[in-house]
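Peer 1:
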Amino acid sequence: MSNVSTDAGELSTLYISRLPSWFLSTAQKVQETRSALQFCKAKRKHSSFSESSNKQTSTAVQEIRTVDNRENKERDSSLFLSRSTSSLGWRCVPLFLLLFGIQRKKKERMADWYLWAWILCSTMTLVVLRGSVLKRRKGNGISATRGESVKRVLAGNGECRSADGSDADVIVVGAGVAGSALAHTLGKDGRRVHVIERDLTEPDRIVGELLQPGGYLKLIELGLEDCVEEIDAQKVFGYALFKDGKHTRLSYPLENFHSDVSGRSFHNGRFIQRMREKAASLPNVRLEQGTVTSLLEEKGTIRGVQYKTKDGRELTAFAPLTIVCDGCFSNLRRSLCNPKVDVPSCFVGLVLENCRLPYSNHGHVILADPSPILFYPISSTEVRCLVDIPGQKVPSIANGEMTNYLKTIVAHQVPPEIYDSFVAAVDKGNIRTMPNRSMPASPYPTPGALLMGDAFNMRHPLTGGGMTVALSDIVVLRDLLRPLRDLNDGPNLCKYLESFYTLRKPVASTINTLAGALYKVFSASPDQARKEMRQACFDYLSLGGVFSTGPISLLSGLNPRPLSLVMHFFAVAIYGIGRLLVPFPSPKRIWIGARLITVQILIPARIIFPIIKSEGVRQMFFPATVPAYYRAPPLK
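In this text, residue positions in the sequence shown follow UniProt numbering: the first is 1, and each later residue adds one.
1. Which one of Tyr216, Lys246, Gln619 has the shortest CA to CA distance from Phe271?
2. DSSP on Glu382, reduced to helix/strand/coil?
3. Can you check whether the CB of Val195 is closer than 8 Å to the CB of Val172?
4. Could you tell me which uninterrupted beta strand (DSSP E) segments, each at least 3 residues in length, are contained entirely in the segment 259–319, listed from first to last along the chain?
5. Look at the alpha carbon of Tyr376 and the alpha carbon of Leu541, and state the distance between them as a whole number of angstroms.
6. Counting along the chain, where does the beta strand (DSSP E) carrying Tyr444 start and finish?
7. Mind checking whether the beta-carbon of Pro506 lies closer than 7 Å to any heavy atom of the ligand SAH?
8. In angstroms with no decimal places, state the Cα-to-Cα distance between Ser360 and Gln234.
9. Leaving out the 5 sequence neighbours to the left and right, which residues in its chain are closer than 8 Å to Ala411 when beta-carbon positions are compared?
10. From the DSSP output, in three-state form, read off Gly89 for me.
11. Taking only three categories from DSSP, how would you classify Thr433?
12. Would Gly190 be called buried (16 or more neighbouring beta carbons within 10 Å of its own) or exposed?
13. Is Gly290 near Tyr307, with beta carbons less than 8 Å apart?
14. Alpha carbon to alpha carbon, how far is Trp118 from Ser84? Give it in angstroms, no decimals.
15. Measure from the alpha carbon of Pro440 to the alpha carbon of each residue in Val394, Lys613, Asp527, then state which is nearest.
16. Among Pro491, Leu471, Met567, which residue has its Cα nearest to the Cα of Gly300?
17. Taking only the alpha-carbon atoms, compute the straight-line gap between Leu543 and Gly400 and give it to the nearest angstrom.
18. Report yes or no: do the segment 242–260 and the segment 307–317 share at least 3 C-beta pairs separated by less than 8 Å?
19. Assuming Asp232 and Ser380 make a contact with CB atoms under 8 Å, what is their CB distance in whole Å?
20. For Ala624 and Ser548, what's the separation of their Cα atoms in angstroms?
21. Count the other CB atoms within 10 Å of the CB of Phe318; is the residue buried (16 or more) or exposed (fewer)?
22. Pull the bridge partners of Ile366 from the DSSP assignment, please.
23. Under the rule that 16 or more other beta-carbon atoms within 10 Å means buried, what is Gln392, buried or exposed?
24. Compare the beta carbon distance of Leu332 and Val324 with 8 Å and say whether it is the shorter of the two.
25. Give me the Cβ distance between Leu250 and Ile552, rounded to the nearest whole Å; I'm assuming they're in contact under 8 Å.
26. Per DSSP, which residues does Thr248 bridge with? Please list them.
27. Please report the residue range of the alpha helix (DSSP H) in which Val426 lies.
28. Could you tell me whether the segment 209–227 touches the segment 252–272, where touching means 3 or more Cβ pairs closer than 8 Å?
29. For Gly349, list the residues DSSP reports as bridge partners.
30. Closer than 8 Å is the cut-off here; do at least three beta carbon pairs connect the segment 343–363 with the segment 382–391?
31. Is the Cβ-Cβ distance between Glu353 and Glu382 less than 8 Å?
32. When the Cα atoms are used, what is the spatial distance from residue 637 to Thr125?
33. By DSSP, does Ala536 sit in helix, in strand, or in coil?
34. Where Thr502 and Pro443 are concerned, what is the direct C-alpha to C-alpha distance, given to the nearest angstrom?
35. Per DSSP, Ile196 forms a beta bridge with which residues?
36. If you follow the alpha helix (DSSP H) that Ala449 is in, where does it begin and where does it stop?
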């Protein structure tokens, strides 16, 4: 600190010798006046002041105040000058200190000023550096909480090559519905595809068994329609809705399509195996069993993956583009997106054998208490039953709590035609559970990598829209990649593929929003307004005509228009108020309707607006205003 003070004093002396004479006279006067004041203070300690000395003291104080005021003015002028004239810089520091008084304590004041300036500059530098690092991480698509899912690698001689020496254009992680369909699609376009799947045996799941007509059309577009053949898949032509002993049928609007177009329901594992066989039949598609443990990164670009083979060997695979499709339990998504996973409920799955549904070739939705129950055929002799239980905790299967719950709470709410088959399935004991996840798409655009399928975006499975969204995404990505022959320019490819996130929105956001909104409306609630909304929705769909075909075309993926979705949703709310005034608007009905006007409008807004916000208002309703919508492919 003493060295700093000495240097400051030397600088001050140097500048004083070069200052104008009026600055020197001011400094001398300050020194003389303060010396007089110090003399008076010393004299006061030993003897009392006379009147003359008091007068002298007051005069000295007044002079000091005058000089201080002049110093303040000069200091303000100096500050203004130092801010407006950046070229002066640190040369103004000694002058600035002089205007505070170059007296006995000037060295200490300068040292203190330098200390505070150093602390301030250090703090600001740390803040700027931290912001720069976080911005760079976000730009590179690498999350600060990525953990062990990404590893840095250095390319040998400027190249990254797979451990076995094979080269691929695209690595696909996961061979489920999305991964298998994507591998086949890219393989057909002539790209070399390496698919790495954790388990190539036939999956056994209780969801992913209903493909909507919109999804079947995408399957045809990808050339995979034969994958629903030879697996005892059942055609689905619509839904049947049950509530309080009443029921109505909602048919898909398929009049303008080929006779083969409809929904399909099947065993999920059989469908996936057919798609894997279809993909593996292409000579440029390599299907391998292995568990991908991490992505490999070099200078912010994903170069490939590290994986463990079936026999336990640790290998690496490299490709210009890595597409992660490893499902709802993905351990790689944190590196490529901001996952906000919500688990609103769980499904309890049963298989009813030799059961005839009230409406053949239809899915059945029972608006039960506390939440919906689903029935749909998955083969010519089997019907899948999914009982929704709100929350993340379900009754225990091991100690019999689940059996008791299904028999006492659920059984009496199912249609009489399938009651016996339901109880028999419960007694058989093959009961399985699965959490229902929803997660909006919130990607980190990352050079060399892309997310798809349930690893990227999930919605409540009530409406069976997951496979439709995944297949639609594959069509969008295929069309974007087709003009490109070279995928090695990671940064430019990443910028170009940002349009994928916008182009997918009309289909994805419509199905996602409808799934979340219908689940909330169809679930029972003690709130009277929610009860009215639930009843109004059932009555609205029962009207038929455009009141049923409009919503069912949204649900099926045949007419994915977000504005149409919002219109129908609020039409249900208005209908709920209007039905209270029909057939005769009695005073009591008018009063109830008046009380429900605000509530019936607020309830839909409270349900649908948060879902729309998570999907992105601009991307959902005005995608053409997003710059990425017009992104052109790289020239290379």
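Ideal Cβ placement from N, Cα and C applies to all residues, glycine included. Bear in mind the structure is a predicted one, so any value in this text is a computation, not a measurement.
Peer 2: The answer reads as follows:
1. Tyr216
2. strand
3. yes
4. 263–265, 285–298, 301–309, 314–318
5. Tyr376 and Leu541 have their C-alpha atoms roughly 20 Å apart.
6. From DSSP, Tyr444 is part of no beta strand (DSSP E); its letter is neither H nor E.
7. Absence of the ligand SAH from the depicted structure is noted, as is the absence of any ligand whatsoever, leaving it without description.
8. Approximately 10 Å between the Cα atoms of the pair.
9. Tyr419, Phe422, Val423, Val426
10. In this prediction, Gly89 has a pLDDT of 43, which is less than 50 and means its spatial position is unreliable; what the coordinates show is noted afterwards. Of the three classes helix, strand and coil, the one that applies to Gly89 here is helix, per DSSP.
11. strand
12. exposed
13. When the beta-carbon positions are compared, Gly290 and Tyr307 come within less than 8 Å of each other.
14. Note that Ser84 scores 43 on pLDDT, short of 50, meaning its location in the model is unreliable; the coordinates nonetheless yield the value given after this. Rounded to whole angstroms, Ser84 to Trp118 spans 22 Å at the Cα level.
15. Cα-wise, what sits closest to Pro440 is Lys613.
16. Pro491
17. Leu543 and Gly400 have their C-alpha atoms roughly 42 Å apart.
18. As far as the Cβ criterion goes, the segment 242–260 does not touch the segment 307–317, which means the pair count is below three.
19. 6 Å
20. 29 Å
21. Per the 10 Å Cβ criterion, buried.
22. Its beta-bridge partners are Phe242, Ile373.
23. exposed
24. yes
25. 5 Å
26. Leu241
27. 419–428
28. yes
29. BP columns for Gly349 point to Leu386, Arg432.
30. yes
31. Going by C-beta atoms, Glu353 is nearer than 8 Å to Glu382.
32. No answer is possible for residue 637: the residues shown for the chain start at 1 and end at 636.
33. helix
34. 12 Å
35. Partner(s): Val173, Glu288.
36. Counting along the chain, Ala449 falls outside any alpha helix (DSSP H), though it belongs to the beta strand (DSSP E) covering 449–451.
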